[in-house]
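>
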């Protein structure tokens, strides 16, 4: 979810990454801590990811500023699905806890997420005073391990306090994710015993995205990581379920604003793989 271009004044080698130990991980939730070690200006171009994302600012000083379509938001934010052209900029040494929530989990942790789709809002607008309390506890923690423990406690409590989405909707999302977006809505409707119209309506009203759009987003995410791993675009198109290479090009352009060649070289995918490595799910690195 991070930069599609190396910002002036620093490089990804200047960023330390920490991830929770396997025993501390929660279903449907991924966390990572980022620390910029050098004092410099940096700009991050963010791209679509199949999750709702919390970016909790733990920096000393001004912290990051997020810009979406000319509107700016400072501090801790919630990034909904499909945010569009989103950039973050910061000056100094930035500390940030990034929490990715699968949409069905986000609906429980954040409440209704439909209005979050395509937007970036202040975490305080969503959690109220709890946002400030969470920031204070996380800032006071002595290590990333302690921060992950605190975050897991907060998220677990909110999960216990809220109603989850319909089981049929949650199942549809999980099947979309595990199939890497290569699944037909009609088949999913049959699997849960609903009509296509009902599944479409309930899915969209609870997760803020249609089943078809969700499948496209998941498929793009898989294709983007294959491109970053060095696979040729033609092979990625075939493996990811696109009609042809031109189809892949159009989808990557829509979701990332880049060509497949540019995505393959995008530094954000490199750091993304450090924090959430698909091939090494037990990797852990503290900073």
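Residue numbers (this note's numbering): 2 to 288.
Each residue gets a CB set at the ideal place from its N, CA and C atoms; glycine is no exception.
Here the structure is a predicted model, which means the values were calculated and not measured.
For a quick check, are the C-beta atoms of residue 292 and residue 105 less than 9 Å apart?
The first residue shown for the chain is 2 and the last is 288, placing residue 292 beyond what the model contains.
> Apply the 10 Å Cβ neighbour rule to residue 70 and answer buried if 16 or more other Cβ atoms are within range, or exposed otherwise.
Residue 70 is exposed by the Cβ-count criterion.
> Please classify residue 154 as buried or exposed, where buried requires at least 16 other C-beta atoms within 10 Å of its C-beta.
Exposed is the call here.
> Taking all protein chains shown into account, decide if residue 51 is buried (16 or more other Cβ within 10 angstroms of its Cβ) or exposed.
With 16 or more Cβ atoms within 10 Å of its Cβ, residue 51 is classed as buried.
> Under three-state DSSP, which class holds residue 214?
The answer is helix: DSSP assigns residue 214 an H, G or I state.
> Could you tell me the distance, in whole angstroms, from the CA atom of residue 108 to the CA atom of residue 184?
So the two alpha carbons sit approximately 23 Å from each other.
> Give the straight-line distance between the Cα atoms of residue 72 and residue 111, rounded to the nearest whole angstrom.
So the alpha carbons of these two residues sit roughly 22 Å apart.
> Counting pairs of beta carbons, one from the stretch 225-235 and one from the stretch 193-208, are three or more of them closer than 8 Å?
No, they do not touch.
> Between which two residues does the beta strand (DSSP E) holding residue 31 run?
30-37 is the extent of the beta strand (DSSP E) around residue 31.
> How would you call residue 1, buried or exposed, if buried means at least 16 neighbouring beta carbons within 10 angstroms?
Outside the modelled stretch of the chain, which goes from 2 to 288, sits residue 1, for which no answer is possible.
> How would you label residue 4, buried or exposed, when you count the other beta carbons within 10 angstroms and need 16 or more for buried?
For residue 4, the pLDDT reaches just 36, beneath the cut-off of 50, and the residue's location in the model is therefore unreliable, although a value from the coordinates is still provided. Burial call: buried.
> Mind checking residue 177: buried by the 16 CB within 10 Å criterion, or exposed?
So residue 177 ends up on the buried side.
> Report buried or exposed for residue 273, applying the criterion of at least 16 other Cβ atoms within 10 angstroms of its Cβ.
Buried, since its Cβ has 16 or more Cβ neighbours within 10 Å.
> For residue 179 and residue 89, what's the separation of their Cα atoms in angstroms?
Rounded to whole angstroms, residue 179 to residue 89 spans 30 Å at the Cα level.
> Smallest Cα separation from residue 123: which of 139, 174 and 58?
Closest by alpha carbon: 58.
> By how many angstroms is the C-alpha of residue 190 removed from the C-alpha of residue 127?
Distance between the alpha carbons of residue 127 and residue 190 is about 32 Å.
> Grab the span of the alpha helix (DSSP H) containing residue 96 for me, first residue to last.
Careful: residue 96 lies outside any alpha helix (DSSP H), inside the beta strand (DSSP E) at 96-102.
> Tell me which residue opens and which closes the beta strand (DSSP E) that residue 1 is part of.
Outside the displayed span of the chain (2 to 288) sits residue 1, for which this structure offers no information.
> Considering just the uninterrupted stretch of the beta strand (DSSP E) at residue 54, what are its terminal residues?
Residues 53-58.
> Since residue 99 and residue 54 are thought to touch, with beta carbons under 8 Å apart, how far apart are those beta carbons, to the nearest angstrom?
Going by Cβ atoms, the distance from residue 99 to residue 54 rounds to 6 Å, so yes, they are a contact pair.
> Bridge partners for residue 73 per DSSP, in chain order?
The partner list for residue 73 (beta bridge, DSSP) reads 68.
> Using the C-alpha atoms, what's the distance from residue 204 back to residue 252?
Distance between the alpha carbons of residue 252 and residue 204: 22 Å.
> For residue 81 versus residue 119, is the C-beta spacing smaller than 9 Å?
Contact: yes.
> Give, in chain order, every unbroken run of the alpha helix (DSSP H) that is at least 4 residues long and sits entirely within the stretch 174-219.
Listed in chain order, the complete alpha helix (DSSP H) runs (minimum 4 residues) inside the stretch 174-219 are 186-193 and 197-208.
> DSSP three-state label for residue 247, please.
Residue 247 falls in the helix class under three-state DSSP.
> Go through its chain and collect everything with a Cβ distance to residue 246's Cβ below 7 Å, but skip five positions before and after it.
Only 234, 235 and 238 meet the Cβ criterion.
> Would DSSP call residue 230 helix, strand or coil?
Residue state, collapsed to three classes: coil.
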